[in-house]
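For reference, the structure discussed in these notes is given below.
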Amino acid sequence: MQTPRDWLTPEALQMLQTIGQKGSFAAAARSLNLVPSALTYRVRQIEDALDVLLFDRSARQAVPTAAGRELLREASRLLDDMDTVANRVRRVATGWEAVFTVAVDSIISHSVVMDLCARFLALGTPTRLRLRYETLSGTLAALTSGQADLALGVVLEPGPQADIRHALLGDITFIYAVAPHHPLAQAPEPLSDTRLQQHRAVAVADSVSRGSGLTIGLQGGQDVFTVPDMTSKLEAQLRGLGGGFLPESLAQPYVEKGMLVVKQVNNPRTNTCHIAWRDNRQAPAGQALKWWLAQLENQTTRDALLRPKHAV
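Using our numbering, read the sequence shown as starting at 197 and increasing by one per residue.
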């Protein structure tokens, strides 16, 4: 007699994910190269095995039920776990990771990371490379949760996990900047915390999925415009939508062109960034991790990673 375990295969979980992502059985069927009736039949078999309804079919859209949403959440976790096991087995057998994921903080130069990726891919290794962009504590969380093998631009939190190793990447100097037409552009300096609190701040959202995450450079009770990454923060401040701290290297070209005004504040900001990775007896460093760590020993590379630039 077949059990739910017989139906919840990786292929079935990926099929359910596709339906959830596409929003309809017809769109999912096209993506999976199936006829809609075949897809519907397979879903009904899974529903019968679990004795639940996974998708509400009362409308044209395939809307997950509460049970369906829970299964989709667990499907992502299970598939990630399978990838982790496969990666570990491949690393034991060959020394090269099957998949190597780098979590990159939004404060890091993406163009320099892409240059490193190009050099790695040119090696022709069996390792598939993945990038994920994170912010603040989300960068370290991607590593500690097993979703990344290397994290760049980590702001270390107290008491990191015992199997997490780290090395200094360097310091990033921030400047407080506003657009020339912003009310603070003509305000006397240094700007006090009270004066800053009276004006909207532009902040980058912490990408950590659980918990409150980190908050840096904000005043209590301050109006905040939250954006997803540092590039969006720059764009918002250029438009006068708020003020805030920007990496000096990112803001300086706009300062020189008169598109941003630097303001002195009572509490200047400098971030100390690290690289972090996992290395222990159960999961020793593979060849891909060793290659990336070797590149990051170069001072020129580390300096370049900490100097994000944006086309003016």
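Cβ atoms here follow ideal geometry from the backbone N, Cα and C, with glycine treated the same way.
Assigned with DSSP and collapsed to three states, Trp-488 falls in helix. Scanning Tyr-372, Ile-303 and Thr-340 for the CA closest to the CA of Ala-472 turns up Thr-340.
Secondary structure at Ala-432: helix, using DSSP grouped into helix, strand and coil. Nearest neighbour of Leu-380 by Cα position, chosen from Lys-453, Glu-266, Thr-261 and Gly-436, turns out to be Gly-436. In this structure, Val-374 and Ala-399 do not form a Cβ contact; the two beta carbons are roughly 14 Å apart against a cut-off of 8 Å. Asn-467 sits in a strand when the DSSP states are folded into three classes. In this chain, the beta strand (DSSP E) harbouring His-362 covers 360-374. Within the region 262-333, the alpha helix (DSSP H) runs of at least 4 residues that lie entirely inside it are, in chain order, 262-290 and 306-317. Counting C-beta pairs with one atom in each stretch, the region 260-268 and the region 449-462 have fewer than three that are closer than 8 Å, which means they do not touch.
Straight across, the Cα-Cα distance linking Gly-320 with Gln-495 is about 25 Å. Fewer than three pairs of CB atoms, one per stretch, sit closer than 8 Å, so the region 280-295 makes no contact with the region 306-316. Nearest Cα to Glu-385 within the set Val-457, Gln-448, Arg-315 and Ser-428: Val-457. A direct Cα-Cα distance of roughly 29 Å separates Lys-486 from Pro-443. Its chain contains Pro-200 and Trp-203 as the residues whose beta carbon lies nearer than 6 Å to that of Ala-245, once the 5 sequence neighbours on both sides are disregarded; these appear in chain order. Separation of Arg-396 and Thr-390 (C-alpha to C-alpha, rounded to the nearest whole angstrom) is 12 Å. In the three-state DSSP reduction, Ala-399 falls in the strand class (E or B). Note: Lys-453 is not bridge-paired with any residue in the DSSP secondary-structure output. Taking the Cα of Pro-206 as reference, the smallest distance to any Cα among Ala-258, Arg-226 and Arg-273 is reached at Arg-273.
In this structure, Ile-303 sits away from Gly-334, with a CB-CB distance that is not shorter than 9 Å.
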